[in-house]
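Structure first, commentary second.
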Amino acid sequence: MQTAKVAAQREAVVQHHALRQRLTLGKILIYLFLIALAVLCVIPFYLMLIYSTHNNASIASSFTFLPGTFLVDNYVNMASKINIWRGFANSFFIAGSSTVLSLYIGALTAYGFAKFNFKGRTGLFLFLLATMMVPGQLALIGVYRLFSTLGLLDSYAAIILPAAANAFNVFFIKQFMESSIPDEIIESSRVDGANEFRTFNQIVLPILGPAISALGIFTFIGSWNNFLTPLVLFFSLDKYPLPVLVALVQGYYGMDYGLLYLGVAISILPIIVVFAVFSKQIIGSVALGAVKG
């Protein structure tokens, strides 16, 4: 009897050890897959930086993973053709202003949908969601004619003002607001005599901090990468943002791969910084609406 019990214990130990080995092997395979995936994601950025240090002839004739010695030459050549840092400043101003305006107007609109009961609220919100299915390029002709009538073409306002009408921001913030801000807080503020704007600015808006910070990252990146709208609505070279100027390097001045890679590297540098600094907010934004209190 004792011998059978000992044998059973040994068999259980052997099975447990084999299970641990299988789990370890599975983890190793997962880690190897994730490492390979990370390498595949990093290689294009690495090659972009490497090719920005080579001249056009070496890029067109060979494939290399080693840095070259033409970084300064490429930069001097680019600076003689376009004002890359003016484009950088234009992109930062447009993206920053558009993000602030879009988040505030979106939060204010979401506050109206989430905390006010009015006739036709559901239908109006569904219509707002339906606009998300329409590509923005289809509205570009109407936007052009509107700002042409208002005399705002070739101005920063033509790019910044339409950013206020962002249906996704309204939807995202409304969902977060409904699950995170009780109606009792707003009612208490009204009882204390605060008007709606004061309630929104001093009570609701600070609570929306996690949602706004996560959404602001994506809004900023989307505005930074905006290419078609500035190309259509701007006519002055000194107002072009960075993506348009990088395209000019490729179009107007021939196919110089060294300049092109250097311009792309400079244009995506802020995006890499944003993802590196605010990675926790980006990952946390995925779970913002997953748990309701």
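Numbering (the working numbering), first residue to last: 1220 to 1512. Heads up, the beta-carbon is just placed ideally off N, CA and C, and yes, glycines get one too.
Would you kindly report the start and end of the unbroken alpha helix (DSSP H) that includes L1452?
Its alpha helix (DSSP H) spans residues 1447-1452.
Enclosing alpha helix (DSSP H) for N1293 [first to last residue]
It spans 1290-1300 - the alpha helix (DSSP H) in which N1293 sits, taken as one unbroken run.
Check whether the Cβ atoms of S1486 and L1461 lie closer than 8 angstroms to each other.
Between S1486 and L1461, the CB-CB gap stays under 8 angstroms.
How many Å lie between P1449 and N1275 at the Cα?
Cα to Cα, the separation comes out at about 28 angstroms.
Roughly how far, in whole angstroms, is the beta-carbon of M1267 from the beta-carbon of Y1480, given that I think they are within contact range, below 8 angstroms?
Yes, M1267 and Y1480 are in contact; Cβ-Cβ is about 5 angstroms, under 8 angstroms.
Sequence-distant residues of the same chain with beta carbon closer than 7 angstroms to A1279, five excluded per side:
Non-local C-beta neighbours of A1279 in its own chain, meaning closer than 7 angstroms and more than five positions away in sequence, comprise Y1476, ordered along the chain.
With DSSP as the reference, label N1444 as helix, strand or coil.
Here N1444 sits in coil by DSSP.
Roughly how many angstroms lie between the CA atoms of I1324 and E1406, to the nearest whole one?
Their Cα atoms are separated by approximately 22 angstroms.
Counting only C-beta atoms, is I1404 closer than 8 angstroms to chain B at any point?
Annotation note: the requested chain B is absent from the structure, which comprises a single protein chain.
Candidates R1364, F1391, S1374, of which the one nearest L1347 by Cα:
Nearest C-alpha to L1347: F1391.
Contacting residues, own chain, Cβ-Cβ under 7 angstroms from F1453 (five flanking each side not counted):
Residues of the same chain with a CB within less than 7 angstroms of the CB of F1453, apart from the 5 flanking positions on each side, are D1373, Y1459 in chain order.
Endpoints, alpha helix (DSSP H) assigned at F1416:
If you look at F1416, you'll find it in the alpha helix (DSSP H) that goes 1415-1418.
Which whole-angstrom value describes the C-beta separation of L1365 and L1434, a residue pair presumed to lie in contact below a C-beta threshold of 8 angstroms?
L1365 to L1434, Cβ: 26 angstroms. No contact.
When you compare each of L1256, F1494, D1457, I1249 to Y1375 by their alpha carbons, which one comes out closest?
Ranking L1256, F1494, D1457, I1249 by Cα distance to Y1375 puts D1457 first.
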